[in-house]
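K.L.:
Residue numbers (the numbering used here): 129 to 213.
Just so you know, even glycine gets a beta-carbon here, dropped at the ideal spot from N, CA and C.
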């Protein structure tokens, strides 16, 4: 399967839809870990929350970049961007 990082493709699949799910899951997970770490006085759980938020931030940036790449490639006469606006 061909990976094209500059075009945001893995074969015929776009990267953006693959990436957006990770921050959606990791931000709440990080909050729960912070809460559990503070409630049970367990710094390892709080650290897990920190790492989850760091990973969510990194993947968010990648999702934004690849989303913008996909947006720029859409033809202005296409119906594709209308459901998202």
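Can you look up residue 148 in the DSSP assignment and give me helix, strand or coil?
P.N.:
Here residue 148 sits in coil by DSSP.
K.L.:
Hey, would you say residue 150 sits closer than 7 Å to residue 187, going by beta carbons?
P.N.:
Yes, Cβ-Cβ distance for residue 150 and residue 187 is below 7 Å.
K.L.:
Under the DSSP definition of a beta bridge, which residues are partnered with residue 200?
P.N.:
Residue 200 pairs with nothing; no bridge assigned.
K.L.:
Report the start-end ranges of each alpha helix (DSSP H) in the region 143-190 that is 4 residues or longer and not cut off at the edges.
P.N.:
As far as the region 143-190 is concerned, its whole alpha helix (DSSP H) runs of at least 4 residues are 143-147, 149-167.
K.L.:
Name the one or two DSSP bridge partners that residue 141 has.
P.N.:
Residue 141 pairs with 138.
K.L.:
State buried or exposed for residue 199, treating a residue as buried only when at least 16 other CB atoms are found within 10 Å of its CB.
P.N.:
Residue 199 should be labelled exposed.
K.L.:
Less than 8 Å between the CB atoms is what I'm expecting for residue 129 and residue 136, so what's the real figure, rounded?
P.N.:
So it is not a contact: roughly 14 Å between Cβ atoms.
K.L.:
State the CB to CB distance for the pair residue 177 and residue 162, rounded to an integer number of angstroms; the pair is presumed to be in contact (CB under 8 Å).
P.N.:
Between residue 162 and residue 177 the Cβ distance is about 4 Å, and since that is below 8 Å, they are a contact.
K.L.:
Quick test of your reading: residue 148 and residue 191, contact by CB under 8 Å. State the CB separation rounded to the nearest angstrom.
P.N.:
That belief holds up - the Cβ atoms of residue 148 and residue 191 are roughly 5 Å apart, short of 8 Å.
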